[in-house]
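*Asks:* Sharing a structure here in C-alpha cells format.
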Amino acid sequence: DAKTTQPTSMDCAEGRAANLPCNHSTISGNEYVYWYRQIHSQGPQYIIHGLKNNETNEMASLIITEDRKSSTLILPHATLRDTAVYYCIVYIASNTGKLIFGQGTTLQVKP
Amino acid sequence: EAGVVQSPRYKIIEKKQPVAFWCNPISGHNTLYWYLQNLGQGPELLIRYENEEAVDDSQLPKDRFSAERLKGVDSTLKIQPAELGDSAVYLCASSPGLADTDTQYFGPGTRLTVL
Chain W
356 DAKTTQPTSM DCAEGRAANL PCNHSTISGN EYVYWYRQIH SQGPQYIIHG
406 LKNNETNEMA SLIITEDRKS STLILPHATL RDTAVYYCIV YIASNTGKLI
456 FGQGTTLQVK P
Chain V
2 EAGVVQSPRY KIIEKKQPVA FWCNPISGHN TLYWYLQNLG QGPELLIRYE
52 NEEAVDDSQL PKDRFSAERL KGVDSTLKIQ PAELGDSAVY LCASSPGLAD
102 TDTQYFGPGT RLTVL
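This is the structure in C-alpha cells:
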C-alpha cells in the first residue's frame, strides 16, 4: 500500500503557481520523498526528491515540513503541458528498491 | 543523454499468443525494473535486476511471465501465453544503482492489447 495521501484532483490557472500537497505521516527517518508525474500515454517522469531540506530544480520546488509528515510540490508557473497525474512517493532504494505508486493527484491546468 | 528505450510502443495480439517486450536502459545504469500499469492505476513492480541478477521477482507471475537481462544491459520481458487480463502498459525503468537516492527513470512503455 502507498504510504502517502494526495488529493484526487486539482485545477490551476495557466501561469499561476500549482501547489500539490502530500501527506506521509508514517515516513521513516531515512526515507526520501520523491515526486513523479505522468502525462497521458507517457511513462512516469522524475521531477524532484528530498530528505529533509527544501529542494529546487529547473522543474519544481519541494517543500518538506520540519516534522517530515507532509510536503508540497510547487510548479511556479504552470503551463498547459503540466497537466498530468502527479505522484508523491516515499522511497529508499536500500529497502525494497521499488516505487509504490498511489492514485496520485490529477492536475488540470486551465487557460 | 538518451533515455530508457522500449520497443515496441504498441502491440496487439490474440489471446494465447506469445509476446515479448524489449528495454534498453540508460547507459551506465546497473539496476533495471519492469513495471505493469493497468488502466487508471499507478505502476506496480514486476521484477528488478541488479546487473544480470533478478533480485526481486516476487510479483512476477512465473507461470506465464519470464524476463532476462543477459550481459546486464538490455532486457526482455515475455508473456506466453497471453491472456485477456494482460492488456496493460508495460514500463521499463533504470537507475544507477546507488545506495539510497537511487532515482528511477522510466521509458515510454509498451501498450499491450490482448484480443
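Protein chains in written order, with the numbering used here: chain W, 356 to 466; chain V, 2 to 116. The C-beta atom is built at its ideal place from N, Cα and C for all residues, glycine as well. Note that the structure is a prediction, hence the values are computed from the model and not measured.
Is Gly86(V) helix, strand or coil when you go by DSSP?
*Replies:* Correct three-state label for Gly86(V): helix.
*Asks:* On the CB-based measure, 16 or more other CB atoms within 10 Å of its CB, does Asp366(W) come out buried or exposed?
*Replies:* Exposed: under 16 other Cβ atoms inside 10 Å.
*Asks:* Could you give the residue range of the beta strand (DSSP E) that holds Arg65(V)?
*Replies:* No beta strand (DSSP E) holds Arg65(V); DSSP gives it neither H nor E.
*Asks:* If we cut at 7 Å on Cβ distances, does Lys465(W) have a partner in chain V?
*Replies:* Answer no: the Cβ-Cβ gap between Lys465(W) and chain V never drops below 7 Å.
*Asks:* Which chain V residues are close to Lys453(W), counting only those with a beta carbon under 8 Å from its beta carbon?
*Replies:* Near Lys453(W) (Cβ distances below 8 Å), the residues of chain V are Tyr34, Leu46, Arg49 and Asp57.
*Asks:* To be precise: take each residue of the stretch 99-114 of chain V, compare its Cβ to all Cβ atoms of chain W, and keep it if any distance is under 9 Å. Which residues remain?
*Replies:* Result list: Leu99, Ala100, Asp101, Thr102, Asp103, Thr104, Gln105, Tyr106, Phe107, Gly108, Pro109, Gly110 and Arg112.
*Asks:* Should Gly398(W) go down as buried or exposed, given a rule of 16 or more other Cβ atoms within 10 Å for buried?
*Replies:* Under this definition Gly398(W) is a buried residue.
*Asks:* Let's test the definition: count the other Cβ atoms within 10 Å of the Cβ of Ala415(W) and tell me whether it reaches 16, buried, or not, exposed.
*Replies:* Under this definition Ala415(W) is a buried residue.
*Asks:* Is the stretch 58-76 of chain V in contact with the stretch 99-108 of chain V, if contact means three or more CB pairs nearer than 8 Å?
*Replies:* The stretch 58-76 of chain V is not in contact with the stretch 99-108 of chain V.
*Asks:* The beta strand (DSSP E) spanning Ala21(V) covers which residue range?
*Replies:* From DSSP, the beta strand (DSSP E) with Ala21(V) extends over Val20 to Asn25.
*Asks:* For Lys465(W), name the three-state secondary structure that DSSP assigns.
*Replies:* Lys465(W): strand per DSSP, three-state reduction.
*Asks:* Taking the straight line between their C-alpha atoms, what separation do you get for Arg423(W) and Ala21(V)?
*Replies:* Roughly 42 Å separates the two Cα atoms.
*Asks:* So with Cβ pairs under 7 Å, would you call Leu92(V) a contact of chain W?
*Replies:* Yes - at least one Cβ of chain W is within 7 Å of the one on Leu92(V).
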